[in-house]
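Structure first, commentary second.
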Amino acid sequence: MRTVVFGCAILSNESKASYVWLLRSFLEAMKGKQPKSVTTDGDLAMKSAVSIVFPDAHHRLCSWHLLRNATVRVGRPGFLRKFHLCLMGDLEVDEFETIWTDNVADHELEDHLWIVEMYAKKHSWSNAHIRGKFFAGLKMTSRYNLREFVEHFQHYLEFMRRRELVADYKFAYGEPVVKTKLEAIEQFAATVYTREVFKLFREVLMLASNVRVVSTKRTSACVLFEVAMYCKQRSWAVSWAEEDDEFSCSCQWMESFGLPCVHMVGVLVYLNMTTIPKGLILDRWAKRTKQPRAPCDKTRVGEIPDAAYMSMHAAMLDDCRELVSLSCWFFEDYVDVKTRLAKERQSLRDKHRQRLGVPEEASRVSVRDPMRARYKGCGRRVVTS
Ligand SMILES: [Zn+2]
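Letter by letter, the sequence shown follows residues 1 to 385 of full-length UniProt numbering.
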């Protein structure tokens, strides 16, 4: 699981209209596919825009911003410790309620406006209430301010693209070494999951031997397993609809992270299964999701093997870095190089399109500029008579 940047934007104001334009442009660029979840810093205009443009997405407040606000507005270490537990802890809803109520009472914060507001928004930030909503473990927005963002963006983007290239290379060559004693299912996971996701699955598999099946009960629709972790009291209910080979667990880890939880994997092991049921392998984490790229990559690099492609890529990046640095010293050089590069780029794009047989219209995305909005500090319009 890696961060992928689909786009970025700098807005001239923080109005609802601007956010709506931004999110609609994103939606257009993504061919209408809405995200499952959105994390923001809690800005009201942004929240409202998210509910207009992505009505089906679950909105989560950024945990870093929440902790910072808690420190600024309340700032008592005892309170912050428990607040952190309510925010990040693997709690049930009743446990959350008890800890929250006691914490607020202990620090006499019942009438504190921010506390009242946070409690009302608990479905947007507490792990206990978010359980089952897909966030793949993401809890934070970016912490950069504008200057840092501009400074770091290109560098970070380059870093991520290079890392993706390395991941693709590792994916194409060799299977990971089996590490657990549950060889068959681990081997199977290595063939279906991408390498990064497989490593996460293997960690879950390693814990599966700590799962105890306390009881089993057969109903007309499924088999119910009551499971608990070794030396732990708390139990979880795993259900298995045998006919459709469908699993679910009361911890809802699968719904939140897209990977089977340790309880389900414990039951798979208990049932002596050597494969992972289809329903537990999300397309986004599956190797086959990457496979359609192969013919495209072959066309791109022709007869050149991937390893050579990677070293060419690295060498080209070094050349480009120097070119950028030299051409930005003088404005005339900058204009000259930029014009020549634009021509080269267009000619290469055309070549690629022809090789891949992609029509010109399909390669264009029609995202337009937003309506101009007036905002605080943008100056007054001079009216002359
Ligand atoms: Zn579970």
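Glycine included, every Cβ here is placed at the ideal spot set by N, Cα and C.
Query - Selection from L224, G258, C231 that minimises the alpha carbon distance to V197 - result: For this step, residue 197 is matched to residue 197 along the sequence shown. The shortest C-alpha to C-alpha distance from V197 to any of L224, G258, C231 is the one to G258.
Query raised in the report: When we look at the beta-carbon of N272 and count the other beta-carbons within 10 Å, is it buried (16 or more) or exposed?
Result: For the purposes of this step, residue 272 is taken as the residue at position 272 of the sequence shown. The residue is exposed, with fewer than 16 neighbouring Cβ atoms inside 10 Å.
Query raised in the report: Per DSSP, V335 is paired with what?
Result: Reading the sequence shown from its first residue, position 335 is the one you call residue 335. Per the DSSP secondary-structure output, V335 pairs with nothing in a beta bridge.
**Report entry** Own chain partners of A221 with C-beta closer than 7 Å, once the 5 adjacent residues on each side are dropped
**Finding:** Start at 1 with the first residue of the sequence shown, and residue 221 comes out as number 221. Residues of the same chain with a CB within less than 7 Å of the CB of A221, apart from the 5 flanking positions on each side, are A241 in chain order.
Report task. Report the three-state DSSP secondary structure of K217 (helix, strand or coil). Result -> Counted from its first residue, the sequence shown places residue 217 at position 217. Note: K217 maps to strand in three-state DSSP.
Report task. Measure the alpha-carbon distance for F225 versus V93 and round it to whole angstroms. Result -> Here residue 225 is taken as the residue at index 225 of the sequence shown, counted from 1. Here residue 93 is taken as the residue at index 93 of the sequence shown, counted from 1. Approximately 22 Å between the Cα atoms of the pair.
Report task. Kindly provide the chain-ordered list of residues whose Cβ lies closer than 7 Å to any non-hydrogen atom of ligand 1. Result -> Counting every residue whose Cβ lies closer than 7 Å to a heavy atom of ligand 1, we get W236, V238, C249, S250, C251, W253, C261, V262, H263, M264.
Query raised in the report: Per DSSP, what kind of secondary structure is V301 in: helix, strand or coil?
Result: Locating residue 301 in the sequence shown gives position 301, where the first residue counts as 1. Confidence is the limiting factor: at V301 the pLDDT is only 48, short of 50, which leaves the residue's position unreliable, though a coordinate-based value still follows. Look at V301 here: in three-state DSSP terms it is helix.
Requested in this report: Return the bridge partner residues of H59 from the DSSP annotation.
Outcome: Within the sequence shown, the letter at position 59 stands for residue 59. Partner(s): V38.
Requested in this report: List the DSSP bridge partners of F247.
Outcome: The count along the sequence shown starts at 1 and reaches residue 247 at position 247. Its beta-bridge partners are W240.
Requested in this report: Please list, in chain order, all residues of the same chain as G279 whose beta carbon is under 6 Å from its beta carbon, the five residues on each side excluded.
Outcome: Position 279 of the sequence shown, counted from the start, is the residue given in the question as residue 279. Cβ neighbours of G279 beyond the five flanking positions: E246.
Query raised in the report: By Cβ distance, which residues of its chain are closer than 7 Å to V104, with the 5 residues on each side in sequence left out?
Result: Counting from 1 along the sequence shown, the entry for residue 104 is found at position 104. Closer than 7 Å at Cβ, skipping near neighbours: E110, I115.
Query raised in the report: For the putative contact between V262 and L207, defined by C-beta atoms under 8 Å, what is the C-beta separation to the nearest angstrom?
Result: Counting from one through the sequence shown, the residue named residue 262 turns up at place 262. Counting from one through the sequence shown, the residue named residue 207 turns up at place 207. Confirmed, about 5 Å.
Query raised in the report: How should E186 be labelled, buried or exposed, when 16 other C-beta atoms within 10 angstroms of its C-beta is the threshold for buried?
Result: What you label residue 186 is simply residue 186 of the sequence shown in a count that begins at 1. Buried: at least 16 other Cβ atoms inside 10 Å.
Query raised in the report: Taking buried to mean at least 16 other C-beta atoms within 10 Å of its own C-beta, is W329 buried or exposed?
Result: On the sequence shown, residue 329 is found 329 positions in, with the first residue counted as 1. When all chains shown are included, W329 counts as exposed.
Requested in this report: Would you check whether ligand 2 has a heavy atom nearer than 7 Å to the C-beta of A9?
Outcome: Among the ligands present in this structure, namely ligand 1, ligand 2 is not found.
Query raised in the report: In or out: Y230 buried (at least 16 other Cβ within 10 Å) or exposed?
Result: Numbered from 1 along the sequence shown, position 230 holds the residue referred to as residue 230. Flag for Y230 reads exposed.
Query - Inter-stretch contact (C-beta, 8 Å, three-pair minimum) for the region 35-44 and the region 118-135 - result: Segments in contact, yes.
Requested in this report: Taking only the alpha-carbon atoms, compute the straight-line gap between A342 and I99 and give it to the nearest angstrom.
Outcome: Here residue 342 refers to the residue found at position 342 of the sequence shown. Here residue 99 refers to the residue found at position 99 of the sequence shown. When rounded, the distance between both Cα atoms is 59 Å.
Query raised in the report: Apart from the five residues just before and just after Y334, which ones in its own chain have a Cβ nearer than 8 Å to its Cβ?
Result: Looking up residue 334 in the sequence shown gives position 334. So the qualifying residues of the chain are S327, C328.
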